[in-house]
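In the working numbering, the protein residues as written are 208 to 497.
Just so it is clear, CB atoms sit at the ideal spot from N, CA and C, and this is done for glycine as well.
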Amino acid sequence: MKIKVDPLNPFNLEATLCCGQAFRWDKRAEWWYGVASGRVFKTRQTGETLEIENVNINFAKNYFGLIDELNNVFSQICKDPYIKRAVKMFSGLRILRQDPWECLISYICATYKNIAAIRHMLLNLSRRFGDKVCFDGLDFYTFPTAEDLAQASVNDLLRCGLGYRAKYVHETARTVAESPLDFARLRKKGYEEARHELVGLAGVGLKAADCILLFSLDKLQSFPVDVWVRRAVLRHYAGHFSKEFMARLREKESLASSDYEKLSLFGRTYFGEFAGYAQEYLYHYERTMG
DNA sequence: CAAGTGCCTTTATC
DNA sequence: AGATAAAGGCACT
208 MKIKVDPLNP
218 FNLEATLCCG
228 QAFRWDKRAE
238 WWYGVASGRV
248 FKTRQTGETL
258 EIENVNINFA
268 KNYFGLIDEL
278 NNVFSQICKD
288 PYIKRAVKMF
298 SGLRILRQDP
308 WECLISYICA
318 TYKNIAAIRH
328 MLLNLSRRFG
338 DKVCFDGLDF
348 YTFPTAEDLA
358 QASVNDLLRC
368 GLGYRAKYVH
378 ETARTVAESP
388 LDFARLRKKG
398 YEEARHELVG
408 LAGVGLKAAD
418 CILLFSLDKL
428 QSFPVDVWVR
438 RAVLRHYAGH
448 FSKEFMARLR
458 EKESLASSDY
468 EKLSLFGRTY
478 FGEFAGYAQE
488 YLYHYERTMG
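Below, the structure written as structure tokens:
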């Protein structure tokens, strides 16, 4: 099935799948293969044509964020030459709408890890606790449900390479299996309230919560601050903060939660209702060009 | 090639 | 409150 992409509302499949928001996509020859919300499907882009196979078109449009009007997003977030450069470089990168449960576990696993390692952990979890699905002669695995992971022991999870995260995944899986989080309800709630409900799940701090809100719960104002975004702020947005604060940020290894809030709130107020898009462009630009 | 560094941080403990 | 340390192990240099 083919979807036409409007050049005035661009889409860049490669950047969208490579920017580190989702961890379960693989390129085999021409096609990207992925598993999302229990479906295995493939996709490729040539110019203004996006091809999808084995998936419903409305699901794909929503999943790839094609519902967002990027020209409107750009007009709102392009506040300075630096973000303009990042946007120009990766124009068409979109915020995916991932499955909230998978996103939750993914970002519990993502703490203090690099992207390659995160992919490795999530593949291990899916192989061991998900269901095998064959497609195009290749084997894929659905992401395990809360019930699946609640039944896994901490030792099982350790064998997937989760390290200290194993006990957080174990605990959060049990919590969610016991009284399922109503993600649809969280999606309808405001940013602050939804965030408050996520923080406090085992292994979910402010950063992980902001990622889950942005990548799976339609909170496009969420502005997650990781080491790369922190670097981008230090290099290009220092003028928006006091000298003392910037000096502290430079010398400290880790971010105190009050410091995190300061940076994240800056992003939300400075870039506005689509701050999450700004964050993702800055993040990707800093990682690949910095 | 070995060893060191860094990683989309959170939590426990002062 | 606010600072500090500890926590897998993989990938990259």
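For G241, report the span of its beta strand (DSSP E) as first-last. 238 to 243
Length of the line joining the Cα atoms of A293 and S360: 43 Å
In chain order, what residues of the same chain have a beta carbon less than 8 Å from the beta carbon of T223, not counting five sequence neighbours either side? F271, G272, G299, L300, R301, L303
Could you tell me which of N216, E451, R455, E399 sits nearest to L472, measuring between CA atoms? E399
Does the separation of the CB atoms of R326 and F230 fall below 9 Å? yes
Quick one: using the 10 Å Cβ neighbour count with 16 as the cut-off for buried, is A463 buried or exposed? exposed
Could you tell me which of F342, C341, G344, I315 sits nearest to L332, measuring between CA atoms? I315
Let me know the secondary structure DSSP gives L456 once reduced to three states. helix
My guess is that R246 and V262 are in contact by the Cβ rule of under 8 Å, so how many angstroms apart are they, rounded? 6 Å
Any heavy atom of the ligand FMN closer than 8 Å to the Cβ of T379? Ligands are entirely absent from the displayed structure, and the ligand FMN is therefore not among its contents.
Evaluate the contact criterion for the region 466 to 480 versus the region 277 to 292: three or more CB pairs, one atom per stretch, below 8 Å. yes
Taking the beta carbon of R392 as the centre, do at least 16 other beta carbons fall within 10 Å, making it buried, or is it exposed? exposed
Output the distance between the C-alpha atoms of Q228 and L329, rounded to the nearest integer angstrom. 13 Å
Ends of the beta strand (DSSP E) at R246? 246 to 253
If we ignore side chains and look at the alpha-carbon of each, how far apart do V340 and F347 end up? 5 Å
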